[in-house]
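Heads up, the thing below is written out as structure tokens.
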Amino acid sequence: MPIVPASPDALHIGARVVVRYRLEPAETAATPGRPTMTDAVGDLVRRDDDVLVVETRRGRVSVRCDWVVAVKEVPPAPARRAPAHLALSVPDMARVSAPSWGAVERETLGAWELRASHGFTQRGSSALVLGDPGLPLPAALDAVERWYAVRGLPPRVALPGSTGFDPGSDPVGAALLARGWTAGGRSHHLTAATATIATADPWSPDGPRVDVTEELLDPWLEAYRRSRTVVESAVPAVLGGSPRQLFGSIAADDAPPQHPPVAIARLAVAHGWAGLGAVWTDPDHRGRGLARRLTARLAAVAAADGIRLVHLQVEADNAPALRLYEGIGFERHSEYVYLTGPTRS
15 MPIVPASPDA
25 LHIGARVVVR
35 YRLEPAETAA
45 TPGRPTMTDA
55 VGDLVRRDDD
65 VLVVETRRGR
75 VSVRCDWVVA
85 VKEVPPAPAR
95 RAPAHLALSV
105 PDMARVSAPS
115 WGAVERETLG
125 AWELRASHGF
135 TQRGSSALVL
145 GDPGLPLPAA
155 LDAVERWYAV
165 RGLPPRVALP
175 GSTGFDPGSD
185 PVGAALLARG
195 WTAGGRSHHL
205 TAATATIATA
215 DPWSPDGPRV
225 DVTEELLDPW
235 LEAYRRSRTV
245 VESAVPAVLG
255 GSPRQLFGSI
265 AADDAPPQHP
275 PVAIARLAVA
285 HGWAGLGAVW
295 TDPDHRGRGL
305 ARRLTARLAA
315 VAAADGIRLV
325 HLQVEADNAP
335 ALRLYEGIGF
345 ERHSEYVYLT
355 GPTRS
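Below, the structure is given as structure tokens:
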């Protein structure tokens, strides 16, 4: 079940890609023994029916679509010497993970991304503040407050930082606190190699069957409704709004068809990473390792399709989840703090 883009149409502008393409026959004929293909690695800046344009370290490369042999999205370049899952900068990690959770509305303010989903989930209804908003900071924060006020939502910002960071030491965080915003929930951003997580299945090779689908099916969705209160109008966009997503589930023994599963998880793919989320086990079936089996199985699917890295977010006060994920090989990369402003009329 391929989850890696196999055609230019599956890629989005801004993605970091590797494009393998054939060289012009005249080029290869002039030099006997010269390779007939080459690669362009960089950011995709243009895509249409005729050409792909990639911004590489040596400049822009235009590739005719009919000469493309293979194309694949890859992670951003590492920012430091470390294992691959820990080598990205905090801002790049935030950018990588942002598309792994959908939103009903997305709008950019310079490099910031404003997201709204009728209040459903903090990630789906908060502004991700990275880089330059294109306005002086006070004006940018005014714009954020207005944007959420128009939608009848409290203004909320997701502020990424290193593990244990103080939001008041960040220029945006300090400005928000000075406006009367409050710092609330903190989430750990955990990362790992998919190959590591794929080996964590406590049941392997036998055990409960894991079903993996690309479509959001009604039984999976019914189980998700049992895991939390949902806003029905936002669910399709939030759960189905990533570039790609897979839905994993485990049914109870001898459960009838279309019966809600007893364990679920979702895996999204963006920027060459897999993003795990919506992991839940029915309380009557906990303690059997079902969440661990699901996590391992989805990581194995990703690894088999060339996705080497996986991330997820865990609320800082969710000690059981942290024990589970760190116990199977995830490590803490960075954090998010959510800041919420007063609702203004």
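Oh and the sequence shown: position 32 is 46 in this note's numbering, straight run, nothing missing.
We put the beta carbon where it would ideally sit given N, CA and C, even for glycine.
Bear in mind that the values here come from a model prediction, so they are computed numbers and not experimental data.
#1: Sorted by chain position, which residues of the same chain lie with C-beta nearer than 8 Å to D57's C-beta, five sequence neighbours on each side aside?
#2: Pull up the CB-CB distance for E349 and S139, whole angstroms please, since I reckon it's below 8 Å.
#3: Classify P19: buried if its beta carbon has 16 or more other beta carbons within 10 angstroms, exposed otherwise.
#4: Quick one: residues in its chain with C-beta nearer than 6 Å to the C-beta of G343, no 5 flanking neighbours on either side, listed in chain order?
#5: Which residues mark the beginning and the end of the beta strand (DSSP E) in which I264 is found?
#6: With respect to the beta strand (DSSP E) encompassing P174, which residues constitute its N-terminal and C-terminal limits?
#7: What residue does the beta strand (DSSP E) around T205 start on, and which one ends it?
#8: Hey, A443 and D106 are a contact pair by Cβ (cut 8 Å); roughly how many whole angstroms apart?
#9: Verify whether the separation of the beta carbon atoms of A284 and E87 is less than 9 Å.
#10: To the nearest angstrom, report how far apart V186 and G286 are at their CA atoms.
#11: Based on the DSSP output, what are the partners of Q272 in its beta bridges?
#12: Out of L323, Q259, R239, W115, point me to the one whose CA is closest to V226's CA.
#13: Who are D57's beta bridge partners in DSSP?
#14: Who are Y35's beta bridge partners in DSSP?
#15: Give me the Cα-Cα distance between N332 and R242, rounded to the nearest whole angstrom.
#16: Which of the three DSSP states is assigned to S247 in this structure?
#17: Please classify P174 as buried or exposed, where buried requires at least 16 other C-beta atoms within 10 Å of its C-beta.
#18: Taking only three categories from DSSP, how would you classify I211?
#19: Is it buried or exposed for G116, if we count other Cβ within 10 angstroms and need 16 for buried?
#20: If you compare alpha carbons, which of T52, L128, D319 is closest to R170?
#21: If you drop the 5 nearest sequence neighbours on each side, which residues of the same chain put their C-beta closer than 6 Å to that of A237?
#22: DSSP three-state call for G341: helix, strand or coil?
#23: Is the CB-CB distance between A288 and H325 below 9 Å?
#24: When you compare only the Cα positions, how much space is there between A189 and F179?
#25: Give every residue of the same chain whose Cβ lies closer than 8 Å to the Cβ of V328, excluding the five residues on either side of it in the sequence, and list them in chain order.
#26: What residue range does the beta strand (DSSP E) around T295 cover?
#27: In three-state DSSP terms, what is D225?
#28: Beta carbon of G194, beta carbon of P356: below 9 Å?
In brief:
#1: For this step, residue 57 is matched to residue 43 along the sequence shown. G28, A29, R30, V31, V68, E69.
#2: Position 335 of the sequence shown holds residue 349. Position 125 of the sequence shown holds residue 139. 19 Å between Cβ atoms; not a contact.
#3: As a working mapping, residue 19 is identified with position 5 in the sequence shown. Unreliable positioning characterises P19 in this predicted model, as indicated by a pLDDT of 49, which lies under 50. The coordinate reading is nonetheless provided below. Buried.
#4: Position 329 of the sequence shown, counting from 1, holds the residue named residue 343. Listed in chain order, the non-local C-beta contacts of G343 below 6 Å within the same chain comprise A206, T210, I211, local neighbours out to five positions each way being set aside.
#5: By one-based count along the sequence shown, residue 264 stands at place 250. Its beta strand (DSSP E) spans residues 258-264.
#6: Here residue 174 refers to the residue found at position 160 of the sequence shown. That run of the beta strand (DSSP E) goes 170-175.
#7: Working through the sequence shown from its first residue, we reach residue 205 at position 191. Element bounds for T205: 196-207.
#8: With the chain covering 15 to 359 only, the question about residue 443 has no answer from this structure.
#9: Locating residue 284 in the sequence shown gives position 270, counting from the first residue. Locating residue 87 in the sequence shown gives position 73, counting from the first residue. In this structure, E87 lies closer than 9 Å to A284 by Cβ.
#10: To locate residue 186, count along the sequence shown from 1; it is residue 172. To locate residue 286, count along the sequence shown from 1; it is residue 272. Distance between the alpha carbons of V186 and G286 is about 29 Å.
#11: If you number the sequence shown from 1, residue 272 lands on position 258. DSSP, once it has assigned bridges, lists no residue as partnering Q272.
#12: As a working mapping, residue 226 is identified with position 212 in the sequence shown. Comparing Cα positions, the closest option is Q259.
#13: Locating residue 57 in the sequence shown gives position 43, counting from the first residue. DSSP, once it has assigned bridges, lists R30, E69 as partnering D57.
#14: Indexing the sequence shown from 1 puts residue 35 at position 21. According to DSSP, which records beta bridges pairwise, Y35 is partnered with T52, V82.
#15: Here residue 332 corresponds to residue number 318 of the sequence shown, with the count starting at 1. Here residue 242 corresponds to residue number 228 of the sequence shown, with the count starting at 1. Rounded to the nearest angstrom, the two C-alpha atoms are 15 Å apart.
#16: As a first step, residue 247 is located in the sequence shown; it is residue number 233 there, counting from the start. Correct three-state label for S247: coil.
#17: As a working mapping, residue 174 is identified with position 160 in the sequence shown. Label assigned to P174: buried.
#18: Residue 211 sits at position 197 when you count from the first residue of the sequence shown. Helix, per DSSP.
#19: Within the sequence shown, residue 116 is the residue found at index 102, counting from 1. Buried: at least 16 other Cβ atoms inside 10 Å.
#20: On the sequence shown, position 156 is the one that residue 170 refers to. It is L128 whose Cα lies nearest to the Cα of R170.
#21: On the sequence shown, position 223 is the one that residue 237 refers to. The answer, listed in chain order, is P274, P275, I278.
#22: Position 327 of the sequence shown holds residue 341. Residue state, collapsed to three classes: helix.
#23: Here the question's residue 288 lines up with position 274 in the sequence shown. Here the question's residue 325 lines up with position 311 in the sequence shown. Yes. Within cutoff.
#24: Residue mapping note: residue 189 aligns to position 175 of the sequence shown, counting from 1. Residue mapping note: residue 179 aligns to position 165 of the sequence shown, counting from 1. Taking the straight line from one Cα to the other gives about 16 Å.
#25: Locating residue 328 in the sequence shown gives position 314, where the first residue counts as 1. Closer than 8 Å at the Cβ level, and outside the excluded window around V328, lie S201, H202, L204, A335, L336, Y339.
#26: For the purposes of this step, residue 295 is identified with residue 281 of the sequence shown, where counting begins at 1. It spans 287-295 - the beta strand (DSSP E) in which T295 sits, taken as one unbroken run.
#27: Translated into the one-based positions of the sequence shown, residue 225 becomes position 211. Strand.
#28: Here residue 194 corresponds to residue number 180 of the sequence shown, with the count starting at 1. Here residue 356 corresponds to residue number 342 of the sequence shown, with the count starting at 1. Yes.
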